[in-house]
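Undergrad: Under the numbering used here, think of the first position of the sequence shown as 1, with each following residue one higher. Just so it is clear, CB atoms sit at the ideal spot from N, CA and C, and this is done for glycine as well.
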Amino acid sequence: MTTIWHNPNCSTSRRVLQTLRDAGETPEVIDYRQTPPDRETIRQWITDAGLTIRQALRRRNTPYDDLGLDDPALTDAQLLDAVEAHPILLERPFVRTAQGTRLCRPEERLQEILPPRD
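(1) Just confirm the distance between the C-beta atoms of E28 and T3, as a whole number of angstroms; I'd bet it's less than 8 Å.
(2) Would DSSP call L54 helix, strand or coil?
(3) Contact between the stretch 74 to 81 and the stretch 47 to 55: three or more CB pairs below 8 Å?
(4) Contact between the stretch 4 to 21 and the stretch 85 to 93: three or more CB pairs below 8 Å?
(5) Quick one, which of A98, A85, L74 has its alpha-carbon nearest T62's?
(6) Go through its chain and collect everything with a Cβ distance to P87's Cβ below 7 Å, but skip five positions before and after it.
(7) Any idea which residues DSSP pairs W5 with across the strands?
(8) Could you pull the start and end residues of the alpha helix (DSSP H) that T12 belongs to?
(9) Mapping DSSP to helix, strand and coil, what is L69?
(10) Answer yes or no: do D48 and G100 have a C-beta to C-beta separation smaller than 8 Å?
(11) Using a C-beta cutoff of 8 Å, does V16 count as contacting chain C?
(12) Could you compute how far the alpha carbon of A56 sits from the alpha carbon of Q44?
So, in structure tokens, the structure goes:
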């Protein structure tokens, strides 16, 4: 099953979703702002994508600065607390296929995990 954590207001997220569909996928689309994944799922997807929690944070147009999340002393647990309270802090789009999980920024990262076409 292919899944995308999607923000319909984000042009990159929309393009990645369209690329999935053009490749013949029928992904489960989760608007992570409306239906945020649980803490452990967020942590697991970030880890599976080869990222740190900090690398998966969105800084622009979020409460990142207001929350002082640039403080290097903050732990992963504290950063995850912030993401749980403010899902918009999670960068997007994350995509999971049978081939792996990626934060598709840039959107070309999707090519690394697109299932082979029959």
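TA: Reading from the atomic positions:
(1) By one-based count along the sequence shown, residue 28 stands at place 28. By one-based count along the sequence shown, residue 3 stands at place 3. Yes, E28 and T3 are in contact; Cβ-Cβ is about 4 Å, under 8 Å.
(2) Within the sequence shown, numbered from 1, the residue matching residue 54 stands at position 54. This sequence places Arg at residue 54; Leu is not what is there. In the structure shown, R54 sits in a helix (DSSP, three-state: H, G or I).
(3) They touch, by the three-pair rule.
(4) With the cut-off at 8 Å, the stretch 4 to 21 and the stretch 85 to 93 touch.
(5) Here the question's residue 62 lines up with position 62 in the sequence shown. Answer by Cα proximity: A85.
(6) Within the sequence shown, the letter at position 87 stands for residue 87. Closer than 7 Å at Cβ, skipping near neighbours: Y32, R33, P36.
(7) Start at 1 with the first residue of the sequence shown, and residue 5 comes out as number 5. According to DSSP, which records beta bridges pairwise, W5 is partnered with I30, F94.
(8) Taking the first residue of the sequence shown as 1, we reach residue 12 at position 12. From DSSP, the alpha helix (DSSP H) with T12 extends over 11 to 22.
(9) Your numbering for residue 69 matches position 69 in the sequence shown. DSSP, reduced to helix, strand and coil, places L69 outside both helices and strands of the structure shown, so it counts as coil.
(10) Along the sequence shown, read from residue 1 onward, the residue named residue 48 stands at position 48. Along the sequence shown, read from residue 1 onward, the residue named residue 100 stands at position 100. Closer than 8 Å, so yes.
(11) Absent here is chain C; the protein component of the structure consists of one chain.
(12) Within the sequence shown, numbered from 1, the residue matching residue 56 stands at position 56. Within the sequence shown, numbered from 1, the residue matching residue 44 stands at position 44. Looking at the backbone, the Cα of A56 and that of Q44 are separated by about 12 Å.
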